[in-house]
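Trainee: Would you mind keeping the following structure in view while I ask a few things?
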Amino acid sequence: MEPNNFEKDFREKLNQREIEPSNKAWDRLDAMLSVAEEKKPKKNRKWLYIAASIAGFLLVGTIYFNRSETAEIKKETPIVLEQKINKDTLNAVGINKENVTSSNNHNPKPIAKNAPAVVGIHNQNKNSKQFEGNAESSIKNDLKEDNAADNSLENKNHQPEGKSKYISAEQLLAEVNGKVETKSADEVIKKNRKAVSVNPNDLLLNAETELNQSYRESALDKFNKNLKAVKSAIANRNYEE
Amino acid sequence: MKIISLHQEETKIIKLAVENNRQAQQQIYGKYSSKMLSVCRQYIKDIQLAEDVMITAFMKVFTNIKNFEHKGSFEGWIRRIMVNECISYLRVQKKVKFAEDEFFVEESFNEIDSQFTVEQIQYLIDALPDGYKMVFNLYAIEGYKHNEIAKMLGINEGTSKSQLSHARKMLQTQITILKKQDNGTE
Numbered sequence: 580m581e582p583n584n585f586e587k588d589f590r591e592k593l594n595q596r597e598i599e600p601s602n603k604a605w606d607r608l609d610a611m612l613s614v615a616e617e618k619k620p621k622k623n624r625k626w627l628y629i630a631a632s633i634a635g636f637l638l639v640g641t642i643y644f645n646r647s648e649t650a651e652i653k654k655e656t657p658i659v660l661e662q663k664i665n666k667d668t669l670n671a672v673g674i675n676k677e678n679v680t681s682s683n684n685h686n687p688k689p690i691a692k693n694a695p696a697v698v699g700i701h702n703q704n705k706n707s708k709q710f711e712g713n714a715e716s717s718i719k720n721d722l723k724e725d726n727a728a729d730n731s732l733e734n735k736n737h738q739p740e741g742k743s744k745y746i747s748a749e750q751l752l753a754e755v756n757g758k759v760e761t762k763s764a765d766e767v768i769k770k771n772r773k774a775v776s777v778n779p780n781d782l783l784l785n786a787e788t789e790l791n792q793s794y795r796e797s798a799l800d801k802f803n804k805n806l807k808a809v810k811s812a813i814a815n816r817n818y819e820e
Numbered sequence: 081m082k083i084i085s086l087h088q089e090e091t092k093i094i095k096l097a098v099e100n101n102r103q104a105q106q107q108i109y110g111k112y113s114s115k116m117l118s119v120c121r122q123y124i125k126d127i128q129l130a131e132d133v134m135i136t137a138f139m140k141v142f143t144n145i146k147n148f149e150h151k152g153s154f155e156g157w158i159r160r161i162m163v164n165e166c167i168s169y170l171r172v173q174k175k176v177k178f179a180e181d182e183f184f185v186e187e188s189f190n191e192i193d194s195q196f197t198v199e200q201i202q203y204l205i206d207a208l209p210d211g212y213k214m215v216f217n218l219y220a221i222e223g224y225k226h227n228e229i230a231k232m233l234g235i236n237e238g239t240s241k242s243q244l245s246h247a248r249k250m251l252q253t254q255i256t257i258l259k260k261q262d263n264g265t266e
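Right, dumping it as C-alpha cells:
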C-alpha cells in the first residue's frame, strides 16, 4: 500500500497550493478572540471574591480569638486579687486595708493597687467614716466628728461597689467587737441587698462581655467597610482594564 | 543564518501570542491562513464552510498555543489542528459513517502518471465520498499511517485500508476519464 506516483504528485501540488481567505475571516476570528478574552477575567473575578472573603474571615477570626484571650486574662487576675483583699479585710480590721478594697472597687484594674492611692484617700475617709457613723459609738472619736461632712459627700458621689464592701466589713467589725448593733433594720437590709447584688466578678464579667460585644460590632463594621472597599476596587480595576 | 533568525522570530511571535497579543496572533494568522484554508478545502468542498472550519481551528490554535512544545514545526502543529477540525466537522456536522468492511485490494496504479493541475486534483478529490476522502487525504496527502487514521476516525485499521482501496479505485477511474478528456481536447 505504498503511495502511488499520482498520489505523490497530488501531495506536492496540494501542499504548494494557497487559498487566500476572505477579508472578513480575520475580523470574525478577532471578534471570537475578544469574546474569549472577556470570558477569562470573569473566572478571575470569582477567584478574587473567594480569596477576599477567605482573607476577611481569617482576619475577623484571628482578631476575635486574640481578643477573647486577653479578656480571659483580665477575668482571672482581678478575681484572685479581690479574694485576697476580702480575706484581709475579714482578718484584720484596720482601716488601711479597707482603703485598698475601696480603691480596687473603683478601679477594676487589679494592678492599680498602689497607683490610685490619691483617689483612694478621698474614698477611704468617706467610707471609713460612714461605717463608724453607722456603727455609732463603737469606733474612734475623730471619725464621729466628721460624720456630717462625710454623709454629704456620700450623697454626692454614688459608689455602690464601695458601699457594699464596706458594709460587709463593717458588720464584721461590729461582730468582732461584740456589738451587733445597727442604726435601723431597713438600712441594713438595703445595704445587704446591695452587697448581694453587687458581685465584683459579675460586674467584671458584664463589663467584659459588653466590651467584647462592642468590639465585635466595631470589627464587623470595619470588615464590611473593607469588603466594600475591596469590591469597589475590583470593579474599578475591571473598568480600567 | 537566515533560517535560525527566522526560527527565533517565530518563537518570539509565539510567545507574544501566548500572552494574547493580538498583533502577534494576526501575524501568525497572516502567515498560515492561506495554506490552512487550502488544507481545509481538501476535506470540505464548500469554500465558505472550509473557511468557517479554518476560523474555529485557528481559535483552537490560539487558545492552545501555550501547549505548543517547540519540538516539531509550528506549521505542522497548526496543520494537525486544522485536519482534526475538518474531520470532526465532517463526522459531527455531516454525520459521515464508515462501512465496516475490511475488503481491500492491494493494487498499484504506478502506471498512471498524472500531470494534472491543482484544480483538477481538487476536482478529483471532491468527487470522492466523504469517508473515502478523509482516509485518502489523511493517508496520501498528510502521510498518516493506517493505525493513526483508525484512531483519529474511531474505526478499525482494516476499515481504513478498505476505505483507501475504494478511494484509489474511484480515483483511478476518474483519472482515466479525465485523461481521455484531456487527450480528446488536445
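Protein chains in written order, with the working numbering: chain A, 580 to 820; chain B, 81 to 266. Idealized CB from N, CA, C, for every residue including glycine.
In chain A, what lies closer than 8 angstroms to Met134(B) by C-beta?
Mentor: Under the 8 angstroms cutoff, chain A gives Pro600, Ala604.
Trainee: What's the C-alpha gap between Gln595(A) and Ile205(B)?
Mentor: Between Gln595(A) and Ile205(B), the C-alpha separation is close to 16 angstroms.
Trainee: What is the DSSP secondary structure of Tyr643(A), reduced to helix, strand or coil?
Mentor: If DSSP states are grouped into helix, strand and coil, Tyr643(A) belongs with the helices.
Trainee: Using a threshold of 8 angstroms, state whether the C-beta atoms of Met139(B) and Leu608(A) are closer than that.
Mentor: Result yes, Cβ atoms of Met139(B) and Leu608(A) sit closer than 8 angstroms.
Trainee: Would you report the Cα separation of Ala610(A) and Ser601(A), rounded to the nearest angstrom?
Mentor: About 15 angstroms.
Trainee: Which same chain residues, not among the five before or five after Leu170(B), have their C-beta less than 7 angstroms away from its C-beta?
Mentor: Hits under 7 angstroms: Tyr123, Val176, Asp210, Met214.
Trainee: What is the rounded straight-line gap between the Cα of Thr136(B) and the Cα of Leu117(B)?
Mentor: One C-alpha to the other measures close to 12 angstroms.
Trainee: Over the uninterrupted alpha helix (DSSP H) stretch that includes Asn227(B), give me the two end residues.
Mentor: Its alpha helix (DSSP H) spans residues 226-233.
Trainee: Which residues in the same chain as Leu96(B) place their Cβ atom closer than 6 angstroms to its Cβ, once the five residues preceding and following it in sequence are excluded?
Mentor: Only Ala104 meet the Cβ criterion.
Trainee: Give a yes or no on whether the minimum CB-CB distance between Lys592(A) and chain B is below 8 angstroms.
Mentor: Taking Cβ atoms only, chain B reaches closer than 8 angstroms to Lys592(A), which makes this a yes.
Trainee: Would you give the residue range spanned by the alpha helix (DSSP H) that Lys213(B) belongs to?
Mentor: Looking at the DSSP string, the run of the alpha helix (DSSP H) that includes Lys213(B) is 210-216.
Trainee: Report yes or no: do three or more beta-carbon pairs, one from the segment 249-265 of chain B and one from the segment 196-204 of chain B, lie closer than 8 angstroms?
Mentor: Touching, yes, given that three or more Cβ pairs across the two stretches are closer than 8 angstroms.
Trainee: Using a beta-carbon distance below 8 angstroms, is Phe802(A) in contact with chain B?
Mentor: Not one chain B Cβ lies under 8 angstroms of Phe802(A).
Trainee: DSSP three-state call for Ile629(A): helix, strand or coil?
Mentor: Looking at Ile629(A) - three-state DSSP - the assignment turns out to be helix.
Trainee: Nearest chain A C-beta to Asn100(B) closer than 8 angstroms, yes or no?
Mentor: Cβ-Cβ to chain A under 8 angstroms: yes for Asn100(B).
Trainee: For Ile158(B), count neighbouring Cβ atoms within 10 angstroms of its own Cβ and tell me buried if that reaches 16, exposed if not.
Mentor: Flag for Ile158(B) reads buried.
Trainee: Please confirm if Phe585(A) has its CB atom under 8 angstroms from at least one CB of chain B.
Mentor: Yes, Phe585(A) lies at the interface with chain B (some Cβ there is under 8 angstroms from its Cβ).
Trainee: With distances taken Cα to Cα, identify the nearest neighbour of Ala615(A) among Ala220(B), Arg121(B), Asn100(B).
Mentor: Per the Cα distances, Asn100(B).
Trainee: Assign Leu790(A) to buried or exposed, taking buried as 16 or more other Cβ atoms, counted over all protein chains shown, within 10 Å of its Cβ.
Mentor: Leu790(A) comes out exposed.
Trainee: Take the Cβ of Gln750(A) as the centre, count every other Cβ of all protein chains shown within 10 Å, and call the residue buried at 16 or more, exposed below.
Mentor: Gln750(A) should be labelled buried.
Trainee: Compute the distance between the beta-carbons of Ile221(B) and Leu612(A), then report whether it is under 8 angstroms.
Mentor: Their beta carbons are not under 8 angstroms apart, which means Ile221(B) does not touch Leu612(A) by this criterion.
Trainee: How would you list, in chain order, the residues of chain B whose beta-carbon sits under 7 angstroms from the beta-carbon of Arg607(A)?
Mentor: Those are Ile135, listed as they occur along chain B.
Trainee: Any Cβ of chain A within less than 8 angstroms of the Cβ of Leu117(B)?
Mentor: Leu117(B) counts as touching chain A.
Trainee: Whole angstroms are fine: how far does the CA of Asn263(B) sit from the CA of Gln252(B)?
Mentor: Roughly 16 angstroms separates the two Cα atoms.
Trainee: Can you tell me whether DSSP reads Gly110(B) as helix, strand or coil?
Mentor: Of the three classes helix, strand and coil, the one that applies to Gly110(B) here is helix, per DSSP.
Trainee: Check the Cβ-Cβ distances between Phe589(A) and every residue of chain B, and say whether any is below 8 angstroms.
Mentor: Yes, contact with chain B.
Trainee: Could you please give the first and the last residue of the uninterrupted alpha helix (DSSP H) stretch that includes Ser153(B)?
Mentor: From DSSP, Ser153(B) is part of no alpha helix (DSSP H); its letter is neither H nor E.
Trainee: Is any non-hydrogen atom of the ligand GTP found closer than 7 angstroms to the C-beta of Lys241(B), if you look at the structure I gave you?
Mentor: With respect to the ligand GTP, the structure offers nothing, as it holds no ligand at all.
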